[in-house]
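S.K.: Take this structure first; my questions come after.
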Amino acid sequence: MATLHHSSFCPHSRFVRLIMAEMGMEPTLVEERPWERREEFLMMNPAGTTPVLVEEGGLAVPGGGIIAEYLDETRGLGLGGSRLLPDSPAARVEVRRLLDWFLQKFDQEVTGYLVTEKIHKRFMTSQYGGGPPDMNAIRAARSNVRYHLKYIGYLISRRNWLAGSQLTYADLAAAAHLSCVDYLGDVPWDEDEMARNWYARVKSRPSFRSLLADRVAGMAPADHYADLDF
Numbered sequence: 001m002a003t004l005h006h007s008s009f010c011p012h013s014r015f016v017r018l019i020m021a022e023m024g025m026e027p028t029l030v031e032e033r034p035w036e037r038r039e040e041f042l043m044m045n046p047a048g049t050t051p052v053l054v055e056e057g058g059l060a061v062p063g064g065g066i067i068a069e070y071l072d073e074t075r076g077l078g079l080g081g082s083r084l085l086p087d088s089p090a091a092r093v094e095v096r097r098l099l100d101w102f103l104q105k106f107d108q109e110v111t112g113y114l115v116t117e118k119i120h121k122r123f124m125t126s127q128y129g130g131g132p133p134d135m136n137a138i139r140a141a142r143s144n145v146r147y148h149l150k151y152i153g154y155l156i157s158r159r160n161w162l163a164g165s166q167l168t169y170a171d172l173a174a175a176a177h178l179s180c181v182d183y184l185g186d187v188p189w190d191e192d193e194m195a196r197n198w199y200a201r202v203k204s205r206p207s208f209r210s211l212l213a214d215r216v217a218g219m220a221p222a223d224h225y226a227d228l229d230f
């Protein structure tokens, strides 16, 4: 059985949890606090970042994007028409382009700020960078999320799913990041109906149930967080 070292509100970890659930995999979950730089964890991933997938044979696969590629290479063909990384080269390029958009750009402009400032700092000692949230960073993230939401709406107005006609890694990556922001109540869903309806479709999937059950100690989610119909 595979083991996933993750952090509950790390969007990259959530992305991998969604992938594995869509593939019918039930890994053992090990919660990590990456800022503590636990020695055993650093031996698996010297970068000290989550997630890390450890296969039964001991192979450690670090990082959301790398894990996604690895799971497609090792399990993708068995999914048939439900494969999350399409068969054709052109379609794969588009999925990977959007993966880069959400795993890198969205993370750097939105999720990284909000999760660090509003969640992680609550549990980090001053030694590890804890303290009051940086309101300038939070304001920047809240501003940035608006144009990302518009881009999602633009894509969905032209396609059934973000990268094309079927659900792919692109949808799962975008939804994983948005789920963290949505927990905090910082997604202005009323500004783009297309994006909101797409997210409702994704979070209504069985694979999303465990994410919607996650809670931050001492911090309740936004009222609509687990509401499949908003």
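Residue numbers (the UniProt record's numbering): 1 to 230.
We treat Cβ as the ideally placed atom computed from N, Cα and C, and that holds for glycine.
#1: In chain order, which beta strand (DSSP E) runs of at least 3 residues are fully inside the segment 28-111?
#2: How many angstroms separate the CA atom of M20 from the CA atom of Y70?
#3: Measure the C-alpha to C-alpha separation of G153 and M194 and round it to an integer number of angstroms.
#4: What three-state label does DSSP hand V115 in the structure shown?
#5: Quick check on D168: buried or exposed, where buried means 16 or more other Cβ atoms within 10 Å of its Cβ?
#6: DSSP state of G153, grouped into three classes?
#7: Can you check whether the CB of H12 is closer than 8 Å to the CB of P51?
#8: If we count Cβ pairs, one from each stretch, closer than 8 Å, do we get three or more for the segment 142-152 versus the segment 107-122?
#9: Does the distance from the CB of M25 to the CB of A2 come in under 8 Å?
#10: Mapping DSSP to helix, strand and coil, what is M23?
#11: Quick one: residues in its chain with C-beta nearer than 6 Å to the C-beta of F106, no 5 flanking neighbours on either side, listed in chain order?
#12: Taking the alpha-carbon positions, what's the E22 to S207 distance?
M.R.: Reading it off the structure:
#1: 28-31, 52-54 and 60-62
#2: 12 Å
#3: Rounded to whole angstroms, the gap between the alpha carbons of G153 and M194 is 5 Å.
#4: helix
#5: Contrary to the premise, residue 168 reads as Thr rather than Asp in this sequence. It is buried - the Cβ of T168 has at least 16 other Cβ atoms within 10 Å.
#6: Residue state, collapsed to three classes: helix.
#7: yes
#8: yes
#9: Yes, these two residues count as a Cβ contact at 8 Å.
#10: For M23, the three-state secondary structure derived from DSSP is coil.
#11: H148 and H177
#12: 6 Å
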